[in-house]
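**Q** Here you go, one structure.
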Amino acid sequence: SVAGFLLQKELDYLQGAVDVPKRPFAAIVGGSKVSSKISVIEAMLNKVDKLILGGGMVFTFLKARGVPVGASLVENDQLDLARRLEKIAKSKGVELFLATDVVVADEFAANAQTKVVNIGDIPYGWMGLDIGPKTLDTIVAGLSDCQTVIWNGPMGVFEMDAFAKGTIGVANALADLTSNGCTTIIGGGDSVAAVEKAGLASKMSHISTGGGASLELLEGKVLPGVSALDKA
Numbered sequence: 011s012v013a014g015f016l017l018q019k020e021l022d023y024l025q026g027a028v029d030v031p032k033r034p035f036a037a038i039v040g041g042s043k044v045s046s047k048i049s050v051i052e053a054m055l056n057k058v059d060k061l062i063l064g065g066g067m068v069f070t071f072l073k074a075r076g077v078p079v080g081a082s083l084v085e086n087d088q089l090d091l092a093r094r095l096e097k098i099a100k101s102k103g104v105e106l107f108l109a110t111d112v113v114v115a116d117e118f119a120a121n122a123q124t125k126v127v128n129i130g131d132i133p134y135g136w137m138g139l140d141i142g143p144k145t146l147d148t149i150v151a152g153l154s155d156c157q158t159v160i161w162n163g164p165m166g167v168f169e170m171d172a173f174a175k176g177t178i179g180v181a182n183a184l185a186d187l188t189s190n191g192c193t194t195i196i197g198g199g200d201s202v203a204a205v206e207k208a209g210l211a212s213k214m215s216h217i218s219t220g221g222g223a224s225l226e227l228l229e230g231k232v233l234p235g236v237s238a239l240d241k242a
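According to this note's numbering, the sequence shown is numbered sequentially starting from 11.
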């Protein structure tokens, strides 16, 4: 049984950099739903110094805090979980970043009306589809001293140009960090697609090609294929 150099590189970065990271260590977790990223968030809370949340899942956390979120995507069955994850972050001393302003739209469409509002001021019937400029500035500042950063999941609906600024902004920030010696790891299909859309793939330390398997590695799970190689 043999494994190629790409698999070795995946393990070196996704296991090595995570298990023995250079600090400060930050994880950026985005995407639409908390439920699809629970395991990653929980795993990261045991390892990171800073956790940055973006994408639609932010609105579940904000609603759990009692913030009105308009028509934004919310998983009402995950509100208690969001509160629990926040408590875990606080108890472990993990600095948690949530949106303070958002780009909202009157419909989920590329040509929708849009505007930037603070999180408590989302108009009735409007939905948040990207982080706002103040939030992006806060994220960039929070990442500025980091020596290891893992990114999984976009900050907004980056497939539509009107809601791509947050995601592209994070990609640019990570490219700058990489050039200054930070280890940057991009895992997950949407994050990889976003970095490629921004033309910055070559500027990152490692772009995972493992898809769902990269998520499982970040969660600390044993991959059957890797386990089989270890036994061979």
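The beta-carbon is built from N, C-alpha and C at its ideal position, and this holds for glycine as well.
As the structure is a computational prediction, the values presented were derived from the model and not from experiment.
Any contact between the stretch 73-86 and the stretch 51-63? By contact I mean 3 or more CB pairs, one from each, below 8 angstroms.
**A** no
**Q** If I follow the unbroken alpha helix (DSSP H) through N182, where does it start and stop?
**A** 175-189
**Q** Report, in whole angstroms, the separation of the C-beta atoms of T177 and M165, which I expect to be a contact under 8 angstroms.
**A** 4 angstroms
**Q** For P234, which residues from the same chain have a beta carbon less than 8 angstroms from its beta carbon, with the 5 sequence-adjacent residues on both sides left out?
**A** Model confidence at P234 stands at a pLDDT of 49, short of 50, so the residue's coordinates are unreliable and nothing is read from them.
**Q** M54 lies in the alpha helix (DSSP H); which residues open and close that run?
**A** 48-55
**Q** How would you write the range of the alpha helix (DSSP H) that F168 sits in, first residue to last?
**A** From DSSP, F168 is part of no alpha helix (DSSP H); its letter is neither H nor E.
**Q** Measure the C-alpha to C-alpha separation of T219 and S101 and round it to an integer number of angstroms.
**A** Cα to Cα, the separation comes out at about 34 angstroms.
**Q** So does the stretch 136-153 actually touch the stretch 84-101, counting three or more Cβ pairs closer than 8 angstroms?
**A** no
**Q** Quick check on P234: does DSSP put it in helix, strand or coil?
**A** Since pLDDT at P234 reaches only 49, below the 50 mark, its modelled position is unreliable, and the value read off the structure follows with that caveat. Of the three classes helix, strand and coil, the one that applies to P234 here is helix, per DSSP.
**Q** State buried or exposed for G40, treating a residue as buried only when at least 16 other CB atoms are found within 10 Å of its CB.
**A** The Cβ neighbour count for G40, taken over all protein chains shown within 10 Å, is at least 16; the residue is labelled buried.
**Q** Can you list, in chain order, the residues of its chain whose CB lies under 6 angstroms from that of F35, leaving out five sequence neighbours each side?
**A** V58, D59, T158
**Q** Which one of D29, G130, A185, A122 has the shortest CA to CA distance from A74?
**A** G130
**Q** Between V68 and the rest of its own chain, which residues show a CB-CB distance below 7 angstroms, the 5 nearest in sequence each way excluded?
**A** L108, A109
**Q** Would you kindly check if the distance between the Cβ of V50 and the Cβ of N162 is under 8 angstroms?
**A** yes
**Q** I need the straight-line Cα distance from V104 to I160, nearest angstrom please.
**A** V104 and I160: Cα-Cα distance of roughly 15 angstroms.
**Q** Taking DSSP as the reference, what is the three-state secondary structure of N128?
**A** strand
**Q** What are the residues that DSSP puts in a beta bridge with V113?
**A** V126, D140
**Q** Quick one: grab the DSSP three-state call for E85.
**A** coil
**Q** DSSP puts N98 in a beta bridge; with which residues?
**A** What sits at residue 98 in the sequence shown is Ile, not Asn. Residue pairing for I98: DSSP places it in no beta bridge.
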